[in-house]
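S.K.: A single structure is presented below for examination.
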Amino acid sequence: MSNIIEVSNLSFRYPGAEVDTLRNLNLSIEKGDFVAIVGGNGSGKTTLCKSFNGLVPHYWAGDFSGEVRVDGIDTYTSDVATLSSKVGYVYQDFQNQLVRPTIRDEIAYGPINFGHHDHAERSREVMETLGLEELAKRFTWSLSGGHAHTTALAAVLALKPEIVVVDEPVAELDPARAHQIYRQLQELNEAGLMIITIEHHADFIAQYAKSVILMSDGAPVWHLPIEEAVNRTAELEEHGIPAPQVVQVCSALDIHPSPRTVGMVREMLRE
Numbered sequence: 001m002s003n004i005i006e007v008s009n010l011s012f013r014y015p016g017a018e019v020d021t022l023r024n025l026n027l028s029i030e031k032g033d034f035v036a037i038v039g040g041n042g043s044g045k046t047t048l049c050k051s052f053n054g055l056v057p058h059y060w061a062g063d064f065s066g067e068v069r070v071d072g073i074d075t076y077t078s079d080v081a082t083l084s085s086k087v088g089y090v091y092q093d094f095q096n097q098l099v100r101p102t103i104r105d106e107i108a109y110g111p112i113n114f115g116h117h118d119h120a121e122r123s124r125e126v127m128e129t130l131g132l133e134e135l136a137k138r139f140t141w142s143l144s145g146g147h148a149h150t151t152a153l154a155a156v157l158a159l160k161p162e163i164v165v166v167d168e169p170v171a172e173l174d175p176a177r178a179h180q181i182y183r184q185l186q187e188l189n190e191a192g193l194m195i196i197t198i199e200h201h202a203d204f205i206a207q208y209a210k211s212v213i214l215m216s217d218g219a220p221v222w223h224l225p226i227e228e229a230v231n232r233t234a235e236l237e238e239h240g241i242p243a244p245q246v247v248q249v250c251s252a253l254d255i256h257p258s259p260r261t262v263g264m265v266r267e268m269l270r271e
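Numbering (this note's numbering), first residue to last: 1 to 271.
What follows is the structure, encoded as structure tokens:
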């Protein structure tokens with residue numbers, strides 16, 4: 001499977017900062033991956049993700065060196081508008097991402113602004129995919145956190161990107177709604193969309209991600225398949241990520257958490 005994101009020797013420093021937020025970073029991510037990016041505060045997770053859609057350095061300016069390529073496009077010589085058709089972004093403060101009065105208006109807003117004549121069809125298709133048809137006329141200001149997040153995700157999907165970045169998608173949601181959000185992301189991934197989440201909750205990472213990137217001091221410590229990543233419990237805990245439930249279950253059953261057993265327990269926990 002080919003790489004859709006290639007990062008080479010990337011460094012970035014915000015104006016007035018004394019140190020680089022990203023430091024000589026090298027990374028490759030395969031097409032179709034569902035990758036969780038984890039790490040402590042200030043490790044560079046969000047800045048890295050904002051380099052994928054060009055917000056760094058075109059919106060958040062600073063000292064930028066190295067190269068980021070998304071599906072062959074150099075993000076430095078491209079622009080945010082062009083990259084938005086490749087990389088969608090659902091922000092941590094997703095409520096502020098909603099700018100139109102109703103769900104239907106919100107989802108159609110992007111395609112209309114980009115001049116897509118099939119904006120109504122795109123909106124209808126995305127609402128069907130995410131189960132929002134019956135809520136189409138609801139005012140966005142009246143939505144629960146879960147429905148607001150799904151609406152922000154739907155608005156991003158209406159532009160038909162190949163990659164969606166979701167920044168801490170379950171930070172303000174109850175466990176049931178949080179799992180629903182992740183199941184939606186999983187279904188989108190299984191349909192061919194690449195998903196990148198910035199996440200702190202180990203259980204969601206263990207149950208839904210395919211690979212994990214651990215960030216520290218502005219660069220990846222490692223990028224591993226999920227079955228290997230969840231076994232790095234000591235390293236994860238050093239960076240504020242507690243052992244996920246899948247590892248605790250294996251330990252309670254006195255089972256060595258090999259890739260095979262981790263996969264089996266992941267399926268059990270999803271059910």
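The beta-carbon is built from N, C-alpha and C at its ideal position, and this holds for glycine as well.
All values reported here derive from a predicted model rather than from experimental measurement.
Which parts of the segment 168-254 are runs of the alpha helix (DSSP H), unbroken and 4 residues or longer, counting only runs that do not cross its ends?
M.R.: Listed in chain order, the complete alpha helix (DSSP H) runs (minimum 4 residues) inside the segment 168-254 are 175-190, 202-208, 226-229, 233-238, 245-252.
S.K.: DSSP three-state call for residue 96: helix, strand or coil?
M.R.: Here residue 96 sits in helix by DSSP.
S.K.: Which stretch, first to last residue, makes up the alpha helix (DSSP H) that contains residue 156?
M.R.: 145-157 is the extent of the alpha helix (DSSP H) around residue 156.
S.K.: Using DSSP's beta-bridge definition, name the partner residues of residue 69.
M.R.: For residue 69, which the question treats as bridged, DSSP gives the partners 6, 74.
S.K.: Within its chain, find whatever has a CB closer than 6 Å to the CB of residue 178; leave out the 5 residues flanking it on each side and keep chain order.
M.R.: Once the five neighbours on either side are set aside, the close Cβ partners of residue 178 are 170.
S.K.: Decide if residue 72 is buried, meaning its Cβ has at least 16 other Cβ atoms within 10 Å, or exposed.
M.R.: So residue 72 counts as exposed.
S.K.: By Cβ distance, which residues of its chain are closer than 7 Å to residue 45, with the 5 residues on each side in sequence left out?
M.R.: Hits under 7 Å: 37, 39, 198, 215.
S.K.: Could you give the DSSP three-state label for residue 30: helix, strand or coil?
M.R.: In the structure shown, residue 30 sits in a strand (DSSP, three-state: E or B).
S.K.: I'd like the span of the alpha helix (DSSP H) that includes residue 89, first residue to last.
M.R.: Note, residue 89: premise wrong, no alpha helix (DSSP H); beta strand (DSSP E) at 87-90.
S.K.: In three-state terms, what does DSSP make of residue 39?
M.R.: Residue 39 falls in the strand class under three-state DSSP.
S.K.: Based on DSSP bridge pairs, tell me the residues matched to residue 52.
M.R.: Paired residue(s): none; residue 52 is not in a bridge.
S.K.: Quick check on this structure: which residue in 108, 213, 242, 98 has the alpha carbon closest to the alpha carbon of residue 25?
M.R.: It is 213 whose Cα lies nearest to the Cα of residue 25.
S.K.: Grab me the residues of residue 184's own chain with a C-beta within less than 8 Å of its C-beta, minus the 5 sequence neighbours each way, in chain order.
M.R.: The residues are 130, 150, 153.
S.K.: Go through its chain and collect everything with a Cβ distance to residue 163's Cβ below 6 Å, but skip five positions before and after it.
M.R.: Result list for residue 163: 87, 194, in chain order.
S.K.: Would you mind stating whether residue 235 and residue 200 have Cβ atoms separated by less than 8 Å?
M.R.: Cβ atoms of residue 235 and residue 200: not closer than 8 Å.
S.K.: Where does residue 166 fall in DSSP's three states?
M.R.: Reduced to three states, the DSSP call for residue 166 is strand.
S.K.: Quick one: is residue 204 buried, meaning 16 or more other Cβ sit within 10 Å of its Cβ, or exposed?
M.R.: By the 10 Å Cβ count, residue 204 comes out buried.
S.K.: If we count Cβ pairs, one from each stretch, closer than 8 Å, do we get three or more for the segment 140-149 versus the segment 86-101?
M.R.: In short, these stretches touch, since the Cβ pair count reaches three.
S.K.: Contact between the segment 222-238 and the segment 61-79: three or more CB pairs below 8 Å?
M.R.: Flag = no, the segment 222-238 and the segment 61-79 do not touch.
S.K.: From the DSSP secondary-structure annotation, give me the bridge partner or partners of residue 22.
M.R.: In the DSSP output, where bridge partners are listed per residue, residue 22 has 12.
S.K.: Smallest Cα separation from residue 180: which of 139, 208, 229?
M.R.: Checked all of 139, 208, 229; the closest Cα to residue 180 is 208.
S.K.: Hey, residue 138 and residue 102: beta-carbon distance below 8 Å or not?
M.R.: Cβ distance < 8 Å, so residue 138 and residue 102 count as in contact.
S.K.: Going along the chain, which residues of its own chain have a beta-carbon closer than 6 Å to the beta-carbon of residue 13, five neighbours each way excluded?
M.R.: These residues qualify, in order along the chain: 20, 62, 63.
S.K.: Apart from the five residues just before and just after residue 109, which ones in its own chain have a Cβ nearer than 6 Å to its Cβ?
M.R.: Once the five neighbours on either side are set aside, the close Cβ partners of residue 109 are 100.
S.K.: Please classify residue 238 as buried or exposed, where buried requires at least 16 other C-beta atoms within 10 Å of its C-beta.
M.R.: Counting Cβ neighbours within 10 Å, residue 238 comes out exposed, since fewer than 16 surround it.
S.K.: Mapping DSSP to helix, strand and coil, what is residue 63?
M.R.: Strand at residue 63.
S.K.: To which residues does DSSP link residue 47 through a beta bridge?
M.R.: Answer is none; residue 47 lacks a bridge partner.
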